[in-house]
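Colleague: In this note's numbering, the protein residues as written are 74 to 313.
Ideal Cβ positions, reconstructed from N, Cα and C, are used throughout, including at glycine.
The structure presented is a predicted model; accordingly, all values stated were derived computationally and were not measured.
(1) In whole angstroms, give me the CA-to-CA distance for residue 122 and residue 178.
(2) If we ignore side chains and look at the alpha-carbon of each, how far apart do residue 255 and residue 292 end up?
(3) Within a Cβ cutoff of 6 Å, which residues of the same chain sit near residue 86, ignoring the five residues on either side of it in sequence?
(4) Does DSSP put residue 281 in a helix, a strand or coil?
(5) Assuming residue 286 contacts residue 245 (C-beta within less than 8 Å), just tell me the rounded distance between them.
(6) If you follow the beta strand (DSSP E) that residue 181 is in, where does it begin and where does it stop?
(7) If you run the structure through DSSP and keep just helix, strand and coil, what is residue 92?
(8) Given this structure, state the Cα-to-Cα distance separating residue 114 from residue 253, to the nearest angstrom.
(9) Give me whichever residues DSSP pairs with residue 274 in a beta bridge.
(10) Is DSSP giving residue 228 helix, strand or coil here?
(11) Report back the beta-carbon spacing between residue 169 and residue 194 to the nearest angstrom; my notes put them in contact at under 8 Å.
(12) Is residue 169 helix, strand or coil by DSSP?
(13) Taking the beta carbon of residue 92 as the centre, do at least 16 other beta carbons fall within 10 Å, making it buried, or is it exposed?
(14) Within a Cβ cutoff of 7 Å, which residues of the same chain sit near residue 197, ignoring the five residues on either side of it in sequence?
(15) So the candidates are 211, 203, 189 and 165; which of them puts its Cα closest to the Cα of residue 181?
(16) Which residues in the same chain as residue 213 place their Cβ atom closer than 6 Å to its Cβ, once the five residues preceding and following it in sequence are excluded?
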């Protein structure tokens, strides 16, 4: 499978695991002491790695150190550079998963970050910067930001969409001047799935950071976007 196909299959597997009440998967979501289920990006990452193992196209590593060093904080602009200098605040970051074409580090194909639920703009900005700065070091010349939301009610498009997409867009604006080649924004791909728990439905999207910058304006609601083709939206209804 291609990387995109592996991500999409993992989305489908996650949707089924959540919306079919455990009948299609052995995955269990543990609960906090108050009885609410705990969800994180780890479920999606585990599903993705299982699919990588079964497909056997790629080798992989987890928590992979970045090639560059970064300084991202509230007091300093997010930047990345090749070397750490004595006295500065730059440190290596890491990627949740990296894929390789062979069983050797030199065969790096792509880097992937997984996220779940609400994220601060600083965290999104940090990941976008790493993925864009280091995309040129990969064989595929594409890196991926894979994000999933779980909401109890069907309020994704009316309440959550604009809040999340504003953070996406503002993060792109923040990093744009920190990358050498602006074309690299087109090589970072966001995959997003929102699962509506009570409605037994889910929506998936994928788009590049360049598509986001071109087509989304901060403050725009989902229903106000005239051309939604760039979102590549798919709707799943598991009750049908």
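Modeller: By the coordinates alone:
(1) In the chain shown, residue 122 corresponds to position 49, counting from 1. In the chain shown, residue 178 corresponds to position 105, counting from 1. Straight-line Cα distance between these residues: approximately 17 Å.
(2) Start at 1 with the first residue of the chain shown, and residue 255 comes out as number 182. Start at 1 with the first residue of the chain shown, and residue 292 comes out as number 219. Distance between the alpha carbons of residue 255 and residue 292 is about 24 Å.
(3) The residue you call residue 86 lines up with position 13 of the chain shown. Cβ neighbours of residue 86 beyond the five flanking positions: 120.
(4) As a position in the chain shown, residue 281 is number 208, starting the count at 1. DSSP places residue 281 in strand when its eight states are reduced to three.
(5) As a first step, residue 286 is located in the chain shown; it is residue number 213 there, counting from the start. As a first step, residue 245 is located in the chain shown; it is residue number 172 there, counting from the start. Confirmed, about 5 Å.
(6) Taking the chain shown and counting its residues from 1, one reaches residue 181 at position 108. Here the beta strand (DSSP E) through residue 181 covers 181-189.
(7) The sequence position of residue 92 within the chain shown is 19, counting from 1. Helix.
(8) Numbered from 1 along the chain shown, position 41 holds the residue referred to as residue 114. Numbered from 1 along the chain shown, position 180 holds the residue referred to as residue 253. Their Cα atoms are separated by approximately 30 Å.
(9) Stepping through the chain shown from its first residue, residue 274 is reached at position 201. DSSP, once it has assigned bridges, lists 269 and 310 as partnering residue 274.
(10) Stepping through the chain shown from its first residue, residue 228 is reached at position 155. Here residue 228 sits in coil by DSSP.
(11) Your numbering for residue 169 matches position 96 in the chain shown. Your numbering for residue 194 matches position 121 in the chain shown. 19 Å between Cβ atoms; not a contact.
(12) To locate residue 169, count along the chain shown from 1; it is residue 96. Note: residue 169 maps to strand in three-state DSSP.
(13) Looking up residue 92 in the chain shown gives position 19. That one is buried.
(14) In the chain shown, the residue the question calls residue 197 occupies position 124. Contacts found: 240, 241 and 244.
(15) In the chain shown, the residue the question calls residue 181 occupies position 108. Of the listed residues, the one whose Cα sits closest to residue 181 is 211.
(16) If you number the chain shown from 1, residue 213 lands on position 140. Closer than 6 Å at the Cβ level, and outside the excluded window around residue 213, lie 182 and 183.
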